[in-house]
Amino acid sequence: MSETVQLDWDALLEKCRQLRLDILEMTTKAGSGHPSSSWSAVELVSALYFGGILRYRPDEPWWPGRDRFIMSKGHAAPLLYAVLSHAGYFDREELWRLREVGSPVQGHPIQGMMPGVEATTGSLGQGLSLGLGHVLGGRLAETKYSVFVLLGDGELEAGQIWEAAMAAAHYKAGNLVAMLDYNKYQETGPISREIALEPLADKWKSFGWTVHEVNGHDIPAVIDALTLARQLEATGKPQMIIGHTIKGKGVSFVEADFTFHGRALSPEQAALAREEINGTR
Ligand SMILES: Cc1ncc(C[n+]2csc(CCOP(=O)(O)OP(=O)(O)O)c2C)c(N)n1
Ligand SMILES: [Mg+2]
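Take any residue in the sequence shown, note its place counting from 1, add 2, and you have its number in the numbering used here.
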């Protein structure tokens, strides 16, 4: 269980390096997948799982009192699988079966296929509604937990997100915490060119949410925001953590080229990326 109080910052940074490497190796071996979308959210999800925020029991994945984490931007499945394996839910050998036919480690997460996978996602826009469902279900069951949902910024173009945003405020879902991977790009280009989101914080506030805004690669800042969100649960206002991120974070030539969305690196590119992640180049 994740009740770490004493945080080792070097260990957290090392964890992020390992996760980036795992994502690289998984997608390169599969020859497909979304490495840049996964790298973008490494710190956001690491802060949650390894920063002492999320309450979970890898040996009891369906423990009713667990906090829920829903990877709504399901195409970042490599990140979710890597995190769950590091958290102890399953053996890391499973990672190398990403996207194989018949593998439980599919290109998008499927609930129940691997321990720790809370929701079937990949069709963008649904995760916040699922999260709210968990909040309301917890109320009925009189079980206390928090629900965290990772959203993409392109995903915010889906109308269902805003239905969920309205409903969450209506139902005073203070224990619903959305985390936005605000990397400013979606599949086909910059968000500002597709459907601009700004002024984004104001939009969420006007929907009745409390908004926290952080550098999404700064783990201490993300942990602080998550901790504050926890403290503010009793206000009954759902909470949005806007994490400013860089798509492809950690590999410079991927950061510089949004067309890496949805494609793996070639073996030659992977060799360069490996050196960069390991700091040997
Ligand atoms: C409903 C739906 N429409 C389209 C897609 C195809 N698609 C997959 S990823 C993606 C872009 C998502 O962008 P964003 O949410 O910003 O994610 P990130 O930048 O983190 O990859 C799109 C359009 C989808 N998965 N679901
Ligand atoms: Mg994006």
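Yeah, the Cβ is synthetic: ideal placement off N, Cα and C, and Gly gets one too.
Bear in mind the structure is a predicted one, so any value in this text is a computation, not a measurement.
- N217 has its Cβ no nearer than 7 Å to any heavy atom of ligand 2.
- Per the coordinates, the alpha-carbon of G67 lies some 20 Å from the alpha-carbon of L230.
- Pairwise C-beta distances place the region 168-178 in contact with the region 228-242, as three or more of them are shorter than 8 Å.
- In the assembly as shown, V103 is an exposed residue. Its beta-carbon has fewer than 16 other beta-carbons within 10 Å.
- Leaving aside the five residues that flank L138 on each side, the residues in its chain whose CB is nearer than 7 Å to its CB run, in chain order, Y173.
- Note on S254: under 16 other CB atoms within 10 angstroms of its CB, so exposed under the neighbour-count rule.
- With a cut-off of 7 Å, the C-beta of A160 is classified as near ligand 1, since at least one heavy atom of the ligand falls inside that distance.
- For ligand 1, a non-hydrogen atom lies closer than 7 Å to the CB of N185.
- In the structure shown, F262 adopts helical secondary structure according to DSSP, grouped into three states.
- If you check the C-beta of G156 against ligand 2, you find a heavy atom less than 7 Å away.
- Inside the region 16-41, DSSP marks no whole beta strand (DSSP E) run of 3 or more residues.
- Taking each of S48, L142, I279 in turn and checking the Cα distance to L152, the smallest one comes out for S48.
- Here D24 is buried, its C-beta having at least 16 other C-beta atoms within 10 Å.
- Here E16 has no same chain residue with a Cβ atom under 7 Å from its own Cβ, once five neighbours each way along the sequence are excluded.
- Nearest C-alpha to K146 among N177, G264, S194: N177.
- DSSP places A121 in the coil class of the three-state scheme, outside both helix and strand.
- If you draw a straight line from the Cα of G127 to the Cα of G252, it comes to about 27 Å.
- Excluding the 5 residues flanking it on each side, M116 has same chain C-beta neighbours closer than 8 Å at Y83, L86, Y91, F92, E96, P106, V107, in chain order.
- Around the beta-carbon of N185, 16 or more other beta-carbon atoms lie within 10 Å, marking it buried.
- For a cut-off of 8 Å, the C-beta gap from I72 to G133 is around 5 Å, short enough to register as a contact.
- Around the Cβ of E45, a 10 Å sphere holds 16 or more other Cβ atoms; the residue is buried.
- Ranking F209, A180, T190, L234 by CA distance to the CA of L50 puts A180 first.
- Short of 6 Å from the beta carbon of R283, and not among the five residues preceding or following it, lie these beta carbons of its own chain, in chain order: E277.
- Less than 8 Å separates the beta-carbon of H77 from that of H36.
- Annotated as proximal: R101 and S34, with beta-carbon spacing under 8 Å.
- With respect to W41, G250 sits close: the two C-beta atoms are nearer than 8 Å.
- Between P269 and T30, the beta carbon gap of about 7 Å places them in contact (Cβ cut-off 8 Å).
- Distances from the CB of Q108 to the heavy atoms of ligand 1 are all 7 Å or more.
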